[in-house]
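Note that the sequence shown covers residues 10 to 618 in the working numbering.
Every residue gets a Cβ at the ideal spot worked out from N, C-alpha and C, and that includes glycine.
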Amino acid sequence: MKKTRWLTLIGFLVVVTACGKMGGSGGALSGSRGTAGLVSPEVSDASATLAGMVDDWFEDYLALNPVLATYIGDHRFDNRYQNWIGTDYREASAALSRDYLALARSVDRAALGADDRVTLDIFIGRLEEQLRSLAFPSHLLPFDQLNSDPNFFAMIGSGNSVHPFTTVRDYDNFLSRIDDFVIWMETAVLNMRQGMAVGVVQPRLIVERMIPQIRAQVVDSVEESLFFRPVRDFPDDFTAAERERLEAAYRAAISSILVPAYRDMAEFLEQEYLPAARPTVGYDDLPGGNGWYDYLVAHHTTTDLTAEEIHRLGLGEVARILKQMEEVMRRVGFDGDLRDFFVYLKTDPDFFWDDPEAILAEYRALRARVEAGLPGLFGVSPRAGFEIRAVEPFRAESAAGASYEAPSADGSRPGVFYLNVWDLTRLARWGKETLFLHEAIPGHHFQGAIAQENEHLPRFRRFMSVTAYTEGWALYSEDLGPELGMFEDPYQWFGKLNDEMLRAMRLVVDTGIHRFDWSREQAIEYMLDNSSLAESDIVAEVERYIVDPGQALAYKVGQLELRRLRAEAEDTLGDDFDLRGWHDHILDTGEVPLDVLSASSRAWVEDRR
């Protein structure tokens, strides 16, 4: 799932994710960190200039994006919430990119070492990417059922997410954030009205998903609000006077500011926006939508593959995986065809839990099995831990079956592997091993935490995400199951194939919706025909592709590139190939576009020939 490094929560960073974490003098290509004293003074000066520039940019970027700062554990801006859809923000963001792009282009690339040249190239690419994104009116589609500031704000206000509630100042900071958030809500309405005027609106079925999510925060009493939970959980060291003042302030903010803001948004969606919403679902039906989708495909995959090429690639992968599924069906002695097998896997009660807590318990037990096998495949491991939690009920209906939230860099907040346990038909027992490998270890948590903790990389490279790398790695992590002692049960192996099939179908369905004019129903039917995913999961998946075009393409594209690079390294080095060393190098490189990853892997191989 999305790691919504956490794109579903920090949607304002979506323009960053294709070019990802920008880096300085880290170990992106060399595979060695011990040569700093061997470079010439000219190279050292140029490297210092670059390092200072990218660090200055990151400081300016955090000041412009205070929630990102909070997310990574930098609490200097915890009293602010950026209005990323507003004109002032967009102009400031563009100016920041233009100014630093001019500086970056003035750097003498020839005077840099190999690692810093990579950093400079990625940094320039990131800034150019941000400026290209301004050609498309994403601010006119400010939120949806998944990428939702209103949902995100409720989560951080509940005390169970990235905003801390441990000091009096933390509580006061969130009160200040409420004022900024209300401005965001007002801007969203203005932008959606502008979108209505020019034909850039959400599909009707998406708006119908959005409305109940907003309505969930329109409560009759303050005590029912998610935003009141931190008041019920005051730290023990707060004085009586502090508790009294803060409770009064939170009661007033909830009843007089937040509930009215959510109510106004719900009424706008119901009365104005829903009647103007479009009956179609693809970006090809938006003004300039074909060019917008082409941009998003390149943005998320970091390749020059066209939508048409990706569609054909997906069809081939679907056919290949179907054959492997048939082999599993024969192995377990099932009497019937593959469609019958899919029905059996989706309906036999033995494959499902009857208690949400039992789901969480089994995943927690699986953790120990996987952890035992990691030292055989990796020499590095993250310091940060992670927790396994249930998705909050208010977002369960539209949430995916599982997702991951990264830890804070300062160690104050663990990573979280979320499971949507509320619909007991959505998580099958036969899918637990592959899902755990993808979302937790050695997938998203393992890779993301290592990147954040890699102090040899500049900060902006540690904290920004490249979808093709992160999701490609998570899907590649599922491939490591046999080497970790997983998938010995043929049904668990089928679960792996079923999840890989999901990523293969995404290549077909995402492009089908946005390039080939597929309907929602056509996309759902295709996925039902080719997998044993629960229909509720498929509906959520298709509706995700509708609102986040191109993002889902990155998983399979990234996985196939990692598979290719590993095979290339194995073939070249033969018996000298060190899988642990190669894995460590790929993780040490940080999140980079796929062409940079390819160059990094090849350099590692050349160093060992």
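Contact check for E462 against E487 fails: the beta carbons are separated by 8 angstroms or more.
The Cβ neighbour count for G325, taken over all protein chains shown within 10 Å, is under 16; the residue is labelled exposed. Per DSSP, Y292 lies in no beta strand (DSSP E) segment and is marked neither H nor E. Around the beta carbon of P358, fewer than 16 other beta carbons lie within 10 angstroms, which makes this residue exposed. By the criterion of a C-beta distance shorter than 8 angstroms, A532 is surrounded in its chain by V518, G521, I522, V551, Y554, once the five residues flanking it on both sides are discounted. Per DSSP, A449 lies in no alpha helix (DSSP H) and is assigned neither H nor E. In this structure, E600 lies away from Y413, with their beta-carbon atoms at least 8 angstroms apart. Contact annotation, I133 with V605: C-beta distance approximately 12 angstroms; criterion of less than 8 angstroms not satisfied. Restricting attention to M274, P602, S102, F174, the CA atom closest to the CA of T476 is found in P602. Among the bridge pairs identified by DSSP, V198 is matched with none. By the CB criterion at 8 angstroms, P499 and R272 fall outside the cutoff. Around the beta carbon of P451, 16 or more other beta carbons lie within 10 angstroms, which makes this residue buried. If you ignore the 5 residues before and after A101, its C-beta comes within less than 7 angstroms of the C-beta of L73, all in its own chain and listed in chain order. Rounded to the nearest angstrom, the Cβ distance from V400 to G481 is 25 angstroms, too far for a contact under 8 angstroms.
Within the same chain, and ignoring the five residues on either side of E335 in sequence, the residues whose Cβ sits closer than 7 angstroms to its Cβ are L347. When beta bridges are read from the DSSP output, L428 appears opposite A399, A411. With respect to the C-alpha of I263, the residue from E253, F236, D242 having the closest C-alpha is F236.
Inclusion of T79 and H148 in the CB contact set at 8 angstroms is not warranted, their separation being larger than that value. P212 is bridged by DSSP to R287. For the pair of segments examined, the segment 184 to 197 was found to touch the segment 84 to 96: the number of CB pairs separated by less than 8 angstroms reaches three. The beta-carbon distance between I220 and L278, rounded to whole angstroms, is 5 angstroms. This is short enough to meet the 8 angstroms contact definition. Of all alpha-carbon atoms in N182, V389, L516, A206, the one lying nearest the alpha-carbon of V306 is that of L516.
With a beta-carbon spacing of about 7 angstroms, L489 and L446 fall inside the 8 angstroms limit used to define contacts.
Annotation for P558: Y292, Y302, L305, H523 place their beta carbon closer than 6 angstroms to its own, counting only its chain and skipping 5 residues before and after. Counting C-beta pairs closer than 8 angstroms gives fewer than three between the segment 252 to 260 and the segment 284 to 299, which falls short of the contact rule.
V227 and A275 do touch by the CB rule: their CB atoms are close to 6 angstroms apart, below 8 angstroms.
With contacts defined as CB atoms closer than 8 angstroms, V548 and L582 fail to qualify as a contacting pair. As a beta-bridge residue in DSSP terms, A437 pairs with F361.
D188 counts as exposed, since fewer than 16 other beta carbons sit within 10 angstroms of its beta carbon. Cα atoms of P391 and R589: separation of roughly 15 angstroms, rounded to the nearest angstrom. In the DSSP assignment, S234 falls outside any alpha helix (DSSP H), carrying neither H nor E. Apart from the 5 residues on each side of it in sequence, Y485 sits with its Cβ closer than 6 angstroms to the Cβ of Q568, L571 in its chain, given in chain order. Where P499 is concerned, the enclosing alpha helix (DSSP H) starts and stops at 499 to 524.
Rounded to the nearest whole angstrom, the CA to CA distance from Y109 to R241 is 45 angstroms. In the DSSP assignment, Q531 falls within the unbroken alpha helix (DSSP H) covering 529 to 539. Across the set G204, I215, P423, F145, the C-alpha of P423 shows the shortest separation from the C-alpha of I81.
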